[in-house]
Every structure is written in structure tokens, then in C-alpha cells.
Amino acid sequence: MTDTTSSDRQCISGDRCKGYDHLAKHPAWTDPYCALCEACLAAARRDVRTLLYDWLDLAQMQAPSLSQAINPQPGAHRDPPMPLRGEPDALQREIHHVLTTWETEVRNAAGLADLPPLAQHGAAVQRAVTVLEPRLRLLAMLPPTAVYPTGCEDPATDVAGWEAVAHLSRLRARARSMLGWTFRSRWVPGDCWACEGRDADDLDGPLYRAEPRYEEDDCEVWCDRCGEHRPAADYDEYVRTLRWPGTPDPEPDPEPDPQPAPETPAEATA
Ligand SMILES: [Zn+2]
Ligand SMILES: [Zn+2]
Numbered sequence: 001m002t003d004t005t006s007s008d009r010q011c012i013s014g015d016r017c018k019g020y021d022h023l024a025k026h027p028a029w030t031d032p033y034c035a036l037c038e039a040c041l042a043a044a045r046r047d048v049r050t051l052l053y054d055w056l057d058l059a060q061m062q063a064p065s066l067s068q069a070i071n072p073q074p075g076a077h078r079d080p081p082m083p084l085r086g087e088p089d090a091l092q093r094e095i096h097h098v099l100t101t102w103e104t105e106v107r108n109a110a111g112l113a114d115l116p117p118l119a120q121h122g123a124a125v126q127r128a129v130t131v132l133e134p135r136l137r138l139l140a141m142l143p144p145t146a147v148y149p150t151g152c153e154d155p156a157t158d159v160a161g162w163e164a165v166a167h168l169s170r171l172r173a174r175a176r177s178m179l180g181w182t183f184r185s186r187w188v189p190g191d192c193w194a195c196e197g198r199d200a201d202d203l204d205g206p207l208y209r210a211e212p213r214y215e216e217d218d219c220e221v222w223c224d225r226c227g228e229h230r231p232a233a234d235y236d237e238y239v240r241t242l243r244w245p246g247t248p249d250p251e252p253d254p255e256p257d258p259q260p261a262p263e264t265p266a267e268a269t270a
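Residues 1 to 270 in the UniProt record's numbering are what the sequence shown spells out, letter by letter.
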């Protein structure tokens with residue numbers, strides 16, 4: 001697939017392109033090196049970030065505990081094995097497999113250290129999301145590579161980077177639809193930023209996600225103890241850093257402040 005004649009091409013997402021031009025009726029333009037346009041990449045970035053807490057939600061359907069899911073503590077006591085529901089378990093395994101497969105490819109392409117796999121799946125998913133989310137454009141540009149697309153039982157198949165990005169977005173959609181049908185799944189892991197509600201106490205919650213009101217709704221996160229709520233983007237950051245944006249940082253943060261998103265607009269004073 002060497003096309004050296006055109007400098008621009010249309011996003012390969014076709015009708016589903018997030019930047020689709022509804023007036024001119026064509027997908028968004030993209031540069032010749034990346035099959036996906038910027039709008040599609042931005043949506044996929046959010047999907048990949050969200051896969052981490054989808055994975056945690058799926059784990060919670062089976063054995064609830066954020067601390068055990070995220071922290072691989074060898075000395076910590078383990079719950080006795082519980083009967084697993086087939087489907088969430090299979091989807092969790094596929095999310096883990098796909099994320100870690102492409103983490104490895106992206107590490108190679110980006111010249112990052114080749115780290116050994118993490119035995120604890122929650123930690124492995126978290127690490128893969130951390131590597132992939134800021135490098136989705138690189139992933140989308142990877143040439144077809146022989147991988148086991150959904151699990152080790154698959155025959156090795158050539159998959160292009162942009163197809164991997166699409167697969168990650170589909171996994172997110174499947175997780176959302178699977179999680180949608182239990183009330184339990186509305187609880188999300190984590191501690192409240194505003195009150196004493198803690199994930200580790202004996203009560204359900206405290207945090208839950210609002211029901212989606214439309215397909216692309218990000219679903220803000222609420223505390224059922226104090227009734228406060230925050231945007232989904234804040235919760236995304238909390239899941240990544242285990243600290244709510246805007247709350248005091250216990251340790252100096254070595255990286256430059258990456259928060260371009262403004263808070264909600266100030267109330268008009270007129
Ligand atoms: Zn697109
Ligand atoms: Zn609260």
C-alpha cells in the first residue's frame with residue numbers, strides 16, 4: 001500500500017469518522033502517514049483511557065476491591081476464588097490481551113524499554129494504558145504486524161495499527177454495553193474528593209457514574225454520600241493518578257502541569 005501520489009487522504013473510519021464532513025459528505029482529511037484523522041484519534045484516546053476503569057468495573061462485577069485490582073501486593077490476603085461469570089471474565093481477558101499486545105508493539109516502535117509482562121492483570125492493564133494513550137497516533141501508523149488478535153488461541157494474523165485502534169474502541173463499547181445492565185456496575189472505584197466516603201468502608205460506593213443520556217455522553221461521577229459530582233474527565237485523571245484534580249498534592253509533582261481543560265465557566269455576574 002504505497003500511495004505516493006496524494007499528500008492528503010480521507011480518514012479510514014468512513015461513515016463512522018468522528019470528524020465526518022456532513023456538508024461535503026466525506027470523512028475528515030488526514031495526513032498520508034496516519035489512516036485516522038485527529039477527531040478519530042482523540043475519541044480513541046478517550047476510549048483507551050476509559051478501558052482501564054471498564055476493566056476495573058468488570059473486575060468489580062466479579063470480586064470487588066479497587067485496591068486489590070490496582071495494587072499488586074504480594075503479601076495482601078486474597079479473596080477465595082469465586083465462580084466467574086463467563087462473559088465479563090472473557091471480555092476482561094481480551095482487554096488485557098489486546099492492550100498488552102499493542103503496548104509491546106508500541107514500545108518497540110517508540111524505542112521504549114522492553115519490560116517483562118506483569119503477572120497481575122490490573123497492573124498490566126494500567127501500564128499498557130499509560131503507554132498507549134499518549135501514543136495512539138504512533139499505534140495508528142504501525143504497519144501490519146502478525147499478532148494473536150483477541151487471545152493466544154487465535155491464529156497469528158496480520159493486523160495494522162489503525163485496526164488495533166479500532167479494536168480498542170470496540171472493546172470499550174462492548175464493556176459499556178455489558179456493564180450497562182447491572183445496577184452494581186454503576187458503582188465505580190475510588191474515594192470521594194469532598195466527604196469522608198471511602199471505597200474501603202463497608203458501604204456500597206461512594207462513587208457512581210451517571211447513566212448515559214446520549215451515545216457519546218461521558219457520564220459524570222457522583223458521590224452518593226454527599227451528593228457532589230464531577231466531570232468524567234476529572235474521574236479519568238483520578239483513575240490515572242489516584243488524586244482528584246485540584247486537591248492538595250501530598251508530594252511535589254515532578255511533571256509540568258498538564259491540565260489545559262478549564263473548569264466550568266465562571267458564573268456571569270451581570
Ligand atoms: Zn476520522
Ligand atoms: Zn462525598
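Every residue gets a Cβ at the ideal spot worked out from N, C-alpha and C, and that includes glycine. The structure presented is a predicted model; accordingly, all values stated were derived computationally and were not measured.
Bridge partner(s) assigned by DSSP for residue i
{"i": "R230", "result": "V221"}
{"i": "A146", "result": "D158"}
{"i": "T30", "result": "R9"}
{"i": "D21", "result": "H26"}
{"i": "R209", "result": "V221"}
{"i": "W187", "result": "Y208"}
Cβ-based neighbour list, residue i, same chain, cut-off 7 Å, excluding 5 preceding and 5 following
{"i": "A270", "result": "Below a pLDDT of 50, predicted positions are generally treated as unreliable, and A270, at 43, falls in that range; no measurement from the model is reported."}
{"i": "C34", "result": "R137, A140 and M141"}
{"i": "I12", "result": "A35, L36 and W162"}
{"i": "residue 277", "result": "Only positions 1 to 270 of the chain appear in this structure, which leaves residue 277 out of reach."}
{"i": "residue 352", "result": "The chain is shown only over 1 to 270; residue 352 falls outside these bounds and no answer can be derived."}
{"i": "R172", "result": "D47, T50, L51 and D54"}
{"i": "Y238", "result": "G190 and W244"}
{"i": "A109", "result": "L138 and L142"}
Residue from the options whose Cα sits closest to the Cα of residue i
{"i": "P189", "options": "V106, G205, A140 and S177", "result": "G205"}
{"i": "A42", "options": "S169, P248, H97 and Q126", "result": "S169"}
{"i": "T50", "options": "L207, Q126, W244 and A164", "result": "Q126"}
{"i": "H96", "options": "E196, A166, L52 and E220", "result": "L52"}
{"i": "R46", "options": "A28, R135 and H22", "result": "R135"}
{"i": "G246", "options": "R240, V239 and D234", "result": "D234"}
{"i": "V129", "options": "W222, E153, L99 and E105", "result": "L99"}
{"i": "D31", "options": "A113, S177 and D8", "result": "D8"}
{"i": "V48", "options": "A166, C195, A210 and L203", "result": "A166"}
{"i": "E133", "options": "P116, H229, L115 and R107", "result": "R107"}
{"i": "R230", "options": "S177, E87 and E220", "result": "E220"}
{"i": "A113", "options": "Q120, T241, V131 and H121", "result": "V131"}
{"i": "L118", "options": "T104, V239 and E153", "result": "T104"}
{"i": "C226", "options": "A110, R176, W244 and E196", "result": "E196"}
{"i": "P88", "options": "A175, C152 and W193", "result": "A175"}
Contact set for residue i: own chain, Cβ-Cβ below 6 Å, skip 5 residues either direction
{"i": "D218", "result": "A232"}
{"i": "T150", "result": "E94"}
{"i": "K25", "result": "none"}
{"i": "T182", "result": "For T182, the predicted model reports a pLDDT of 46, less than 50, meaning its position is unreliable and no value from the coordinates is stated."}
{"i": "K18", "result": "A39, C40 and A43"}
{"i": "R198", "result": "D191"}
Any non-hydrogen atom of ligand 4 closer than 7 Å to residue i Cβ
{"i": "W193", "result": "With respect to small molecules bound, the structure shown includes ligand 1 and ligand 2 and not ligand 4."}
Residue-chain proximity (residue i, chain D), Cβ-Cβ < 8 Å
{"i": "H26", "result": "No chain D appears in the structure shown, which is made up of a single protein chain."}
Same chain only: Cβ atoms within 8 Å of residue i, ignoring 5 sequence neighbours per side
{"i": "P27", "result": "Q10, C11, I12, S13, G14, D15, C17, G19, Y20, D21 and C37"}
{"i": "W29", "result": "D8, R9, Q10, C11 and C37"}
{"i": "P74", "result": "In this predicted model, P74 has a pLDDT of only 47, less than 50, meaning its place in the structure is not dependable enough to derive any value."}
{"i": "C152", "result": "H97"}
{"i": "E228", "result": "C192, W193, A194, C195 and W222"}
Notebook entry, point to check: Would the region 155-174 and the region 137-146 be scored as touching if the rule is three or more Cβ pairs under 8 Å?
Noted result: yes
Notebook entry, point to check: Got a list of residues with beta-carbon closer than 6 Å to any non-hydrogen atom of ligand 2, in chain order?
Noted result: The filter returns C192, A194, C195, G197, P206, C223, R225, C226 and E228, in chain order.
Notebook entry, point to check: Whose beta carbon lies closer than 6 Å to any heavy atom of ligand 1, going through the chain in order?
Noted result: In chain order, the qualifying residues are C11, S13, C17, K18, G19, P27, A28, L36, C37, A39 and C40.
Next item on the list: Could you tell me whether the region 51-61 touches the region 88-104, where touching means 3 or more Cβ pairs closer than 8 Å?
Entry: Contact check between the region 51-61 and the region 88-104: three or more CB pairs, one atom from each, fall below 8 Å, which counts as touching.
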